[in-house]
Amino acid sequence: MGGLGTESVLLVEVPAAEAVVGWHREHLDANALVGIPAHVTVLSPFMPPQMIGPVVLAELERVFASIRRFHFQLAATGWFGEETLWLAPTDPTPFLALMDGVYRAFPAFPPFGGRHDKVIPHLTIGHGHPVNVLRAAEESVQAQLPIEADATTVTLMTEQSAGGQWAKAATFTLA
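Just so you know, the working numbering puts 1098 at position 103 of the sequence shown, and the rest follows in order with no gaps.
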């Protein structure tokens, strides 16, 4: 696999959330504008796309095939400071197991680059906008919770050019 992009990410897509958060994400989350769907991150950043070849893909396949698919619910909003509004899974444990499985297989790529002592699985609704705008989005989203979803696959997405659009590069099925 090649490409001019510099980043990749592993994520659990949450299509069931799009009806609730899609409009807000389009206006409040820059990731939506570059082609990244509503999701809970498994590992970001992952390795540069040019390093992802058959051996890496086979190892990811092995890791995810050893983890059971699961049902989850997004039932509450949360905040990182006053900059980021997100949805929390009621039970973060299965997402933490996915993160841990990938990190054990690829220890050179810690979750979020190792910037956080504690990783909190979440679905970002908005980031970097005035707090009153994010609070209005929160109120709108809360009125439509909970969101029921199933995690059956993990998606590898890669940046197509530095700072550009992202595309799905592979999908891995959970056990």
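For every residue, glycine included, the Cβ atom is placed at its ideal position computed from N, Cα and C. Computed from a predicted structure; not experimentally measured.
Taking only three categories from DSSP, how would you classify residue i?
| i | result |
| --- | --- |
| Val-1009 | coil |
| His-1111 | coil |
| Ala-1132 | helix |
| Asp-1095 | helix |
| Val-1029 | coil |
| Phe-1104 | coil |
| Phe-1041 | coil |
Give me the Cβ distance between residue i and residue j, rounded to the nearest whole Å; I'm assuming they're in contact under 8 Å.
| i | j | result |
| --- | --- | --- |
| Phe-980 | Ser-1039 | No answer is possible for residue 980: the residues shown for the chain start at 996 and end at 1170. |
| Ala-1068 | Thr-1085 | According to the sequence displayed, residue 1068 carries Gln and not Ala. Right, the Cβ-Cβ distance comes to about 5 Å (below 8 Å), so this counts as a contact. |
| Gly-954 | Val-1058 | The question about residue 954 has no answer here: the residues shown for the chain are numbered 996 through 1170. |
For residue i versus residue j, is the C-beta spacing smaller than 8 Å?
| i | j | result |
| --- | --- | --- |
| His-1246 | Leu-1023 | Residue 1246 cannot be examined here, being either before or after the span of the chain that is shown, 996 to 1170. |
| Val-1136 | Val-1016 | yes |
| Asp-1145 | Arg-1063 | no |
| Thr-1166 | Thr-1148 | yes |
| Ala-1060 | Thr-1168 | yes |
| Thr-1150 | Trp-1161 | no |
| Pro-1043 | Glu-1002 | yes |
Pull up the DSSP beta-bridge partners for residue i, would you.
| i | result |
| --- | --- |
| Pro-1084 | Leu-1069 |
| Ala-1165 | Leu-1151 |
| Glu-1143 | Gln-1068 |
| Val-1035 | Val-1007 |
| Phe-1075 | Thr-1079 |
| Thr-1001 | Bridge partners of Thr-1001: none, in fact. |
The segment 1108 to 1128 / the segment 1046 to 1056 touching (three or more Cβ pairs under 8 Å): no
At least three beta-carbon pairs within less than 8 Å, the segment 1017 to 1034 to the segment 1059 to 1072: no
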